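0 is the number of the first residue of the sequence shown in numbering that gives the first Met the number 0; add one for each residue after it. What follows is one structure encoded as structure tokens, with my remarks underneath.
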Amino acid sequence: METKVYAGRAKDREILSHCSSGGAFTVLSDEFLEHGNAVLCAGYNYESRQTEFRLVFDKTERDRCRGSMYMQSYALDSWKKALKWLTDNPDKELIFFGVGCQGAAFKEFASRKGILSRVTIVDIICHGSPSPMIWKEYAKGLEEDGKLSSINFRDKRTGWNKSVGIARIGDKEISLSKWKKAYSSKVMFRPCCSKCHYTRTDRATDITIGDFWHLEDKMPDFFDPMGTSVFLIHTDKGMQLFDSVRNRLDYRESNTKDCWQMNLERPTTHAADREDFWKDYRKKGIDFVMNKYGTNNLTRKLQRKFRSLLK
Ligand SMILES: Cc1cc2nc3c(=O)[nH]c(=O)nc-3n(C[C@H](O)[C@H](O)[C@H](O)COP(=O)(O)OP(=O)(O)OC[C@H]3O[C@@H](n4cnc5c(N)ncnc54)[C@H](O)[C@@H]3O)c2cc1C
Numbered sequence: 000m001e002t003k004v005y006a007g008r009a010k011d012r013e014i015l016s017h018c019s020s021g022g023a024f025t026v027l028s029d030e031f032l033e034h035g036n037a038v039l040c041a042g043y044n045y046e047s048r049q050t051e052f053r054l055v056f057d058k059t060e061r062d063r064c065r066g067s068m069y070m071q072s073y074a075l076d077s078w079k080k081a082l083k084w085l086t087d088n089p090d091k092e093l094i095f096f097g098v099g100c101q102g103a104a105f106k107e108f109a110s111r112k113g114i115l116s117r118v119t120i121v122d123i124i125c126h127g128s129p130s131p132m133i134w135k136e137y138a139k140g141l142e143e144d145g146k147l148s149s150i151n152f153r154d155k156r157t158g159w160n161k162s163v164g165i166a167r168i169g170d171k172e173i174s175l176s177k178w179k180k181a182y183s184s185k186v187m188f189r190p191c192c193s194k195c196h197y198t199r200t201d202r203a204t205d206i207t208i209g210d211f212w213h214l215e216d217k218m219p220d221f222f223d224p225m226g227t228s229v230f231l232i233h234t235d236k237g238m239q240l241f242d243s244v245r246n247r248l249d250y251r252e253s254n255t256k257d258c259w260q261m262n263l264e265r266p267t268t269h270a271a272d273r274e275d276f277w278k279d280y281r282k283k284g285i286d287f288v289m290n291k292y293g294t295n296n297l298t299r300k301l302q303r304k305f306r307s308l309l310k
């Protein structure tokens, strides 16, 4: 079918305040959990300091997987566990959430293992995945005074489109602004991200979700400062799922033009100084690169401008 596009957000304000965009993940996964089905998604592991896929059967555990974790996630043995669970429970189904490349990989896996008809695949629009090694080292540095108890790269206290990165150690809040700045500087992404095949509106998954950026211009009367998701529905299976959750959403129909954002058209280009970042990291360590690439450094800004003019 031709891709159908919606702007939508959870009617439940509690969901909206705890998710990164408009709550698409919670609303779609609720439909599965409430019927005894499973969710395969990524969440942060505070022990291993990495984002890992896990098989989830209840809302408490699912809620722990909310939040966009700006680092590459690991599948570990979660897909094997999902296959075993589907094999042991032949009347059950599963919904998968992961970024574009992971959605495509899981589709291939499900197809080869003969479980594709029982899985729904939702992929997430992705700007790029930073090295998990760099995050681990950065997080270790943050944990000098105790273990992190929560991480939110998209805290909405200043609004969805001006969100801030906040972590906690007990009652103490720590800013993640250096990580977010370094993330948006495009110096930490995996090499393959600049050749991503999944930065398009027509995809092989059932549904694609992301932020409905520029909603304030495209549908000003539907804008909500707490966030709105874009839903791109690619298959009949995806449409049936969207139909079954319409009552949980405030939504409007849209189109592929109005929901445009760069990563629905092309991959993120690596920064011109990406190699410098890695050289600096190897020579001078994590604190140095976070101070240089994770702050508004005027000298670096001028160097970047000069380089792009030369290009
Ligand atoms: C690295 C990254 C880059 C992104 N870039 C863009 C972008 O350029 N444009 C855009 O519109 N949206 C982007 N998103 C998606 C957006 O930030 C929201 O995650 C998405 O819209 C879902 O919103 P929600 O309100 O349903 O999320 P939430 O309820 O907060 O759920 C977040 C979902 O993302 C999954 N997730 C979180 N971190 C990871 C990870 N590292 N790997 C795999 N899955 C993960 C969770 O398992 C969950 O399914 C990105 C997300 C990530 C993780």
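Even for Gly, the Cβ is constructed at its ideal location relative to N, Cα and C. Just so it is clear, the structure is predicted and the values come from calculations on it, not from any experiment.
With a cut-off of 8 Å on the beta carbons, I'd call residue i and residue j a contact; round off their distance for me.
i    : j    : result
L312 : S77  : Residue 312 is absent from the structure shown; the chain starts at 0 and stops at 310.
D210 : S228 : 7 Å
P131 : K194 : That belief does not hold up - the Cβ atoms of P131 and K194 are roughly 19 Å apart, past 8 Å.
L32  : G22  : Not confirmed; about 14 Å, so no contact.
A6   : L214 : 6 Å
A181 : R48  : A181 to R48, Cβ: 17 Å. No contact.
Y292 : S148 : With 8 Å as the limit, Y292 and S148 do not qualify as a contact, their Cβ atoms being about 27 Å apart.
S20  : G226 : 5 Å
Does the beta-carbon distance from residue i to residue j come in below 8 Å?
i    : j    : result
D249 : M0   : no
I120 : G102 : yes
F152 : G42  : no
Y45  : P129 : no
V98  : I133 : no
I232 : T2   : yes
A74  : F52  : yes
F96  : F24  : yes
F222 : F230 : no
C100 : Y197 : yes
Would you kindly work out how many angstroms separate the C-alpha atoms of residue i and residue j, rounded to a whole number?
i    : j    : result
W178 : P89  : 43 Å
N262 : L54  : 28 Å
R61  : A9   : 16 Å
M289 : D57  : 37 Å
I173 : D144 : 11 Å
G158 : I94  : 29 Å
D29  : V244 : 9 Å
I206 : V118 : 12 Å
T204 : T86  : 22 Å
T200 : H34  : 30 Å
D154 : R247 : 23 Å
K278 : G127 : 20 Å
T294 : H17  : 27 Å
F305 : F276 : 17 Å
L27  : Q239 : 11 Å
C399 : E264 : Given that the chain is displayed from residue 0 to residue 310, the structure contains no residue 399 and the question cannot be resolved.
Q327 : D220 : Residue 327 cannot be examined here, being either before or after the span of the chain that is shown, 0 to 310.
S72  : C192 : 14 Å
K112 : R202 : 21 Å
Please state the DSSP three-state secondary structure of residue i.
i    : result
I338 : The requested residue 338 does not occur in the structure, where the chain is confined to residues 0 to 310.
S19  : coil
Y182 : helix
N44  : strand
T200 : coil
A37  : strand
T234 : coil
N151 : strand
S72  : strand
A6   : strand
Segment contact flag, the stretch 155-169 with the stretch 238-255, C-beta cutoff 8 Å, min 3 pairs: no
Sufficient close CB pairs (3 or more, under 8 Å) joining the stretch 181-199 to the stretch 266-276: yes
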